[in-house]
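Novice: Numbering (full-length UniProt numbering), first residue to last: 1 to 218.
Backbone N, C-alpha and C define an ideal beta-carbon position, used for all residues, glycine too.
Quick one: the structure is below, and I'll ask about it shortly.
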């Protein structure tokens with residue numbers, strides 16, 4: 001046991017900062033516990049998660065503790081799988097455009113909640129988004145260990161670019177060069193390219209703007 005939690009010691013996930021285990025609280029509720037060796041990183045991640053509180057498209061924080069120089073972050077157990085790994089070494093079965101857009105919108109809604117408390121996720125990619133059977137309503141953004149404070153519009157541009165990459169990745173099953181890739185709907189392609197416009201003044205300024213533009217394709 002770790003603290004009051006009963007832990008299945010076969011880890012269910014592994015990342016650059018630690019391993020994730022399935023666990024149960026004293027009432028039998030299923031949870032996830034991330035074991036992190038870098039205590040400073042873990043404390044920062046816990047602090048950020050506590051700021052956004054409960055939101056359906058962000059993994060929920062429950063507890064944080066330290067045992068024997070190892071940090072433990074307790075979260076909800078998301079019933080699903082990560083979409084993939086990093087952009088450039090992930091391949092999945094392509095998802096139809098409408099569903100891909102719906103998934104992207106829900107990722108943006110999760111990101112928007114984080115933006116409201118002053119941060120971008122800063123690492124939205126297939127390995128940091130969980131989903132069950134590619135159902136848009138099951139989207140969960142995870143891993144906030146490199147989240148970044150919003151210090152200007154350029155910070156926001158980076159987040160919107162990442163979500164547009166995610167949408168293109170879902171549609172094609174891998175990450176294409178968006179400007180050269182084929183899309184059934186050319187207007188959708190134009191929307192996904194907007195955050196990469198050379199003139200920053202022409203780019204969408206917020207998650208809300210991008211959500212508004214994407215909704216026309218649902």
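Closest by CA to residue 24, which one among 153, 203, 3 and 176?
Specialist: Counted from its first residue, the chain shown places residue 24 at position 24. Among 153, 203, 3 and 176, the Cα nearest to that of residue 24 belongs to 3.
Novice: Nearest by alpha-carbon distance to residue 16: which of 121, 34, 193 and 105 is it?
Specialist: Your numbering for residue 16 matches position 16 in the chain shown. Cα-wise, what sits closest to residue 16 is 34.
Novice: Buried or exposed: residue 128, going by 16 or more other Cβ atoms within 10 Å of its Cβ?
Specialist: Residue mapping note: residue 128 aligns to position 128 of the chain shown, counting from 1. Classification for residue 128: buried.
Novice: Could you have a look at residue 232 and say whether DSSP puts it in helix, strand or coil?
Specialist: Residue numbering for the chain in the displayed model covers 1 to 218; residue 232 lies beyond these limits and cannot be assessed.
Novice: In chain order, which beta strand (DSSP E) runs of at least 3 residues are fully inside the segment 21-88?
Specialist: Those beta strand (DSSP E) runs which fall completely within the segment 21-88 and span 3+ residues are 30-36, 61-67 and 70-76.
Novice: I'd like the span of the alpha helix (DSSP H) that includes residue 155, first residue to last.
Specialist: In the chain shown, the residue the question calls residue 155 occupies position 155. Run containing residue 155: 153-172, per the alpha helix (DSSP H) assignment.
Novice: Less than 8 Å between the beta carbons of residue 125 and residue 77, yes or no?
Specialist: Within the chain shown, the letter at position 125 stands for residue 125. Within the chain shown, the letter at position 77 stands for residue 77. Not a contact, by the Cβ cut-off of 8 Å.
Novice: Relative to the C-alpha of residue 72, which candidate in 194, 207, 187 and 18 has its C-alpha closest?
Specialist: Locating residue 72 in the chain shown gives position 72, counting from the first residue. When only C-alpha atoms are compared, the closest one is 18.
Novice: Measuring only the C-alpha atoms, how far is residue 212 from residue 55?
Specialist: The residue given as residue 212 occupies position 212 in the chain shown. The residue given as residue 55 occupies position 55 in the chain shown. Answer to the nearest angstrom: the Cα atoms are 20 Å apart.
Novice: For residue 80 versus residue 138, is the C-beta spacing smaller than 8 Å?
Specialist: Locating residue 80 in the chain shown gives position 80, counting from the first residue. Locating residue 138 in the chain shown gives position 138, counting from the first residue. Against a cut-off of 8 Å, the Cβ pair of residue 138 and residue 80 comes out as a contact.
Novice: Let me make sure I understand the geometry here. Which of 104, 95 and 177 has the alpha-carbon closest to that of residue 196?
Specialist: Translated into the one-based positions of the chain shown, residue 196 becomes position 196. Of 104, 95 and 177, the residue nearest in Cα terms is 177.
Novice: Could you please give the first and the last residue of the uninterrupted alpha helix (DSSP H) stretch that includes residue 109?
Specialist: For the purposes of this step, residue 109 is taken as residue 109 along the chain shown, with counting starting at 1. 97-116 is the span of the alpha helix (DSSP H), which, as asked, contains residue 109.
Novice: Can you tell which of 174, 48 and 136 has the C-alpha that lies nearest to the C-alpha of residue 116?
Specialist: To locate residue 116, count along the chain shown from 1; it is residue 116. Considering only alpha carbons, the answer is 48.
Novice: For residue 133, which option in 147, 82 and 157 has the closest C-alpha, if you only look at C-alpha atoms?
Specialist: As a working note, residue 133 is residue 133 in the chain shown. Nearest C-alpha to residue 133: 82.
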